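These notes concern the structure reproduced below.
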Amino acid sequence: MTALTLSTAAASGLRADAIVVGVAKGPKGPVVAPGAEAVDKAYDGGLAGILETLGASGSEGEVTKLPAPSGFKAPVVVAVGLGAVPEEDAGFDAEALRRAAGVAARALAGAKKAAFALPIQDAADAGAVAEGARLGAYGFDAYKETGRGDAAKSGKGPLGEVTLLGGKPRDAAYKAAIARATAVTEELNRARDLVNTPPNDLNPESFAAVATAAGKEHGIKVTVLDEKALAKGGYGGIVGVGAGAVAGPRLVKLSYTSAKATKHLAFVGKGITYDSGGISLKPAGHNETMKCDMAGAAAVFAAVVTAARLGLEVNVTGWLALAENMPSGSATRPGDVLRMYSGKTVEVLNTDAEGRLVLADALWKASEEKPDAIVDVATLTGAMVLALGNRTFGVMANDDAFRASIVEAAEEVGEESWPMPLPEHLRKGMDSPTADMANMGERMGGGLVAGLFLREFVGEGITWAHLDIAGPAFNEAGPFGYTPKGGTGSAVRTLVRLAELTAAGDLG
Ligand code: BES
Ligand code: MN
Ligand code: ZN
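Here it is as structure tokens:
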């Protein structure tokens, strides 16, 4: 993964493939952002004019490449748009820096080394640039000719190395910000890898093996219940969803504990390694990207490992509810009744509403430990994508203040989310003539119906929130900012932030 260092070196003397500078959109044309003074001076103060001549405006996402000034060791200057010039001396917000760094890193794919001279005012800014650069430099070519280790056929790999200029390499706050960015981005990119891995290689068993190995590496206790243990334990939801697949289901528990913790958070992830819909089979056009249906579990996994790497003073338990949803002679049928881990019975009216079934068991199991709060993350409904689009996840909760804190935490780390309600009147749509409830209700407000279903499986008195990441988990469009095509790592940063806030006593 892209190496990252802070340096106080002068841009002119740096041996690199490019120097990255920021350009903002001013009222009268492009404005060179702070951090690039030395570069601008080497152009005799004419960088803004040159950029304007080249058609640059400073708008977000814009990339302009130009020959470096004479005397520079690096051959190219890459000017990346930061958007509007901030008011007075407010400085650029962290997300503008993150996105610009990501755009620059993508534009430099194939390069060995680049120096980033972006506007950094404090350690948090340095962390944002570091995050953006490493998230933007992500690539997934494990299944391409270029990714098979044959040097002759190697294509444009990700940018190899980033030197951040303008920070304070020996300052403790800067060091901590870089260390945090390193851990978060490494684990987030690993979550992206898991989402991008094709479902013939990533199934419940192999996902559990990845979690077990990571647990050993980072001092996290991992326990895995296999299909036999799940059946014996009465996990009817997970067993029912996994019943049609050759690769059996798993429930993985990851426990990170800190000796200094006073709070306990539980994260629960939907981990459908492939969602065909089951007997209620999805039509062509709806199943091509369904390897992404384990993105919630990948986010939970990444967040627990990050919490451990950062040594956060909070106990975090991650639950990965893993199953493959396939049709076959042994699959659950529409009309079957499952006895869930909580003891409730559920009539399965649509086998494609499987996420709520595996989550229900994991939520009830997580509740038994009486954590201070439970947050589940799931690519749960197409309805949420219709409601909020491809970049925003919905947040539902049994506590309004908790829901607001989550939306705020997400915003802080640069993730878009929106609070959604759990309207009581939608509950009766899930009444079943045969069982305690059905796994489907009214079509309208389908994302909220799914949230109401989950709520029934949260233990009494436990604060709970549900993040429906069906929209932002997988990017089918082109890359933007620091977000690549394919798996995005949605919700990882929000979960890590929640763990940090809980450790600091600022949440719950
Ligand atoms: N995994 C899907 C939801 C999904 C849709 C995720 C699009 C990502 C992108 C989920 O299991 C599903 O199939 N939900 C159904 C529920 C319905 C049958 C009640 C849906 O949303 O159509
Ligand atoms: Mn489904
Ligand atoms: Zn699904």
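So the sequence shown is numbered by the numbering used here: it starts at 132 and just counts up by one. Think of the CB as a built atom: it goes at the ideal place given N, C-alpha and C, for glycine as much as any other residue. On a predicted model such as this, the values are computed, not experimentally measured, just so you know.
- Sequence-distant Cβ neighbours of lysine 391 in its own chain, meaning closer than 8 Å and more than five residues away, are Glu444.
- A straight line joining the alpha-carbon of lysine 243 with that of leucine 145 spans about 13 Å.
- With a cutoff of 8 Å, alanine 428 does not count as near the ligand MN, since its C-beta is closer than that to no heavy atom of the ligand.
- Using a cutoff of 8 Å, the CB of isoleucine 403 counts as near the ligand ZN, since one of the ligand's heavy atoms is closer than that.
- Here the stretch 166-180 does not lie against the stretch 231-242, with fewer than 3 beta-carbon pairs under 8 Å apart.
- Leucine 249 places its beta carbon less than 9 Å from that of valine 151.
- Between aspartate 492 and alanine 428, the gap from beta carbon to beta carbon reaches 9 Å or more.
- For glycine 560 against valine 589, the beta-carbon gap comes to about 19 Å, at or over 8 Å, which does not count as contact.
- In the DSSP annotation of this structure, phenylalanine 611 is not part of any beta strand (DSSP E), being labelled neither H nor E.
- Boundaries of the beta strand (DSSP E) harbouring asparagine 456: 446-456, taken from the DSSP string.
- Secondary structure of threonine 420 (DSSP, three-state): coil.
- Rounded to the nearest angstrom, the gap between the Cα atoms of arginine 323 and aspartate 637 is 29 Å.
- For the pair lysine 384 and valine 355, the Cα-to-Cα distance works out to about 6 Å.
- With distances taken between CA atoms, arginine 321 lies nearest to Ala342 out of Ala342, Ala304 and Ala255.
- For the options Lys501, Gly409, Lys299 and Ala622, the alpha carbon positioned closest to that of glycine 375 is the one of Gly409.
- With fewer than three CB-CB distances shorter than 8 Å, the stretch 328-348 does not count as touching the stretch 457-466.
- In this structure, the straight-line span from the alpha carbon of serine 536 to that of valine 508 is close to 16 Å.
- Taken in chain order, the complete beta strand (DSSP E) segments of 3 residues or longer contained in the stretch 232-304 are 244-248 and 292-296.
- Distances taken from the Cβ of lysine 422 to the heavy atoms of the ligand MN include none shorter than 8 Å.
- Aspartate 467 has its Cβ no nearer than 8 Å to any heavy atom of the ligand MN.
- Sorting Leu585, Ser190, Val207 and Arg381 by C-alpha distance to the C-alpha of proline 198 places Val207 at the top.
- Of all C-beta pairs linking the stretch 606-623 to the stretch 520-532, three or more are shorter than 8 Å, placing the two stretches in contact.
- Distance between asparagine 446 and leucine 295, taken at the CA atoms: about 33 Å.
- Per DSSP, the continuous alpha helix (DSSP H) segment holding aspartate 531 begins and ends at 531-544.
- Here DSSP, grouped into helix, strand and coil, assigns isoleucine 309 to helix.
- With contacts defined as CB atoms closer than 9 Å, tyrosine 387 and lysine 496 fail to qualify as a contacting pair.
- Taking C-beta atoms as the reference points, alanine 308 and alanine 257 count as a pair closer than 9 Å.
- According to DSSP, residue pairing for methionine 527 in a beta bridge involves His597.
- Counted as a single uninterrupted DSSP element, the alpha helix (DSSP H) harbouring lysine 172 occupies residues 168-173.
- Annotation for histidine 349: the continuous alpha helix (DSSP H) segment containing it runs 335-349.
- With a cut-off of 8 Å, the C-beta of alanine 604 is classified as distant from the ligand MN, since no heavy atom of the ligand falls inside that distance.
- Annotated three-state conformation of alanine 374 is coil, per DSSP.
- Of all alpha-carbon atoms in Val216, Tyr269 and Pro217, the one lying nearest the alpha-carbon of glycine 241 is that of Tyr269.
- In terms of side-chain proximity, the C-beta atom of leucine 511 is found nearer than 8 Å to a non-hydrogen atom of the ligand ZN.
- Secondary structure at asparagine 327: helix, using DSSP grouped into helix, strand and coil.
- DSSP lists Val399 and His597 as the bridge partner or partners of aspartate 507.
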